[in-house]
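K.L.:
Residue numbers (UniProt numbering): 1 to 162. Here a beta-carbon is modelled for each residue, glycine too, at the ideal position from N, C-alpha and C. I'd like to ask some things about the structure below.
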């Protein structure tokens, strides 16, 4: 299983990045995914790649929910601190990557997942449907909407969805 995990690591990392939009967060997500897989290996009849994508997606959902709870908790006035910007957020190394990230982040989670599995990971519609446990027709419609939204994003002068 160690060899299989090593070979699927780049694909899993790309998928994690497409979900999180951040390399450090994607690396954390991949690490947590691998820990879960090692603790609970896939059933015998399930390919490791599909299992890894499912575990990654579920881990991301869990992380997202817990982050949301923490964020809401820190919004309480008694926990607020003065916010000072050091300008680091304004620095962009690669404008094209930044624009693609913005476009991907403007998609709904469902559309971003499907677009990532099909366009980035190169899965077929049926493979993506298996990973996400939804019908192939739903994959096709989400992908069509995601592609249309991406085109719409880049046609806008300010780079935002219409």
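Consult DSSP for residue 55 and reduce its assignment to one of helix, strand or coil.
P.N.:
Residue mapping note: residue 55 aligns to position 55 of the chain shown, counting from 1. Residue 55: helix per DSSP, three-state reduction.
K.L.:
Going by C-alpha distance, which of 145, 129, 121, 36 is nearest residue 106?
P.N.:
Here the question's residue 106 lines up with position 106 in the chain shown. That would be 145, whose Cα lies nearest to the Cα of residue 106.
K.L.:
Please report the Cβ distance between residue 13 and residue 26, rounded to the nearest whole angstrom; I am assuming they are in contact, meaning their Cβ atoms lie under 8 Å.
P.N.:
On the chain shown, position 13 is the one that residue 13 refers to. On the chain shown, position 26 is the one that residue 26 refers to. The pair is a contact, with the Cβ atoms about 6 Å apart (cut-off 8 Å).
K.L.:
So, for residue 60: in the same chain, excluding its five sequence neighbours on each side, which residues have a beta-carbon less than 6 Å away from its beta-carbon?
P.N.:
In the chain shown, counting from the first residue as 1, residue 60 sits at position 60. Result list for residue 60: 19, 29, in chain order.
K.L.:
Identify whether residue 122 lies in helix, strand or coil by the three-state DSSP scheme.
P.N.:
Looking up residue 122 in the chain shown gives position 122. Residue state, collapsed to three classes: coil.
K.L.:
Inspect the beta-carbon positions of residue 128 and residue 139 and report whether they are closer than 8 Å.
P.N.:
Counting from 1 along the chain shown, the entry for residue 128 is found at position 128. Counting from 1 along the chain shown, the entry for residue 139 is found at position 139. Closer than 8 Å, so yes.
K.L.:
What are the start and end residues of the alpha helix (DSSP H) that includes residue 4?
P.N.:
On the chain shown, position 4 is the one that residue 4 refers to. Note, residue 4: alpha helix (DSSP H), 2-20.
K.L.:
Just to check my reading of the structure: residue 142 and residue 100 have Cβ atoms closer than 8 Å, yes? What is that Cβ distance to the nearest angstrom?
P.N.:
On the chain shown, residue 142 is found 142 positions in, with the first residue counted as 1. On the chain shown, residue 100 is found 100 positions in, with the first residue counted as 1. The Cβ separation is near 18 Å, so there is no contact.
K.L.:
To the nearest angstrom, how far is the alpha carbon of residue 33 from that of residue 55?
P.N.:
As a first step, residue 33 is located in the chain shown; it is residue number 33 there, counting from the start. As a first step, residue 55 is located in the chain shown; it is residue number 55 there, counting from the start. Answer to the nearest angstrom: the Cα atoms are 6 Å apart.
K.L.:
State the DSSP-derived secondary structure class of residue 106, mapped to helix, strand or coil.
P.N.:
As a working mapping, residue 106 is identified with position 106 in the chain shown. Three-state DSSP puts residue 106 in a helix.
K.L.:
Quick check: what's the CA-CA separation for residue 155 versus residue 11?
P.N.:
Locating residue 155 in the chain shown gives position 155, counting from the first residue. Locating residue 11 in the chain shown gives position 11, counting from the first residue. Using only the alpha carbons, I get a separation of about 29 Å.
K.L.:
Suppose the cutoff is 7 Å on Cβ atoms and the five residues either side in sequence are ignored; what does the same chain contact list for residue 41 look like?
P.N.:
Position 41 of the chain shown, counted from the start, is the residue given in the question as residue 41. If we look at residue 41 and ignore the five residues flanking it on each side, its Cβ neighbours are 1.
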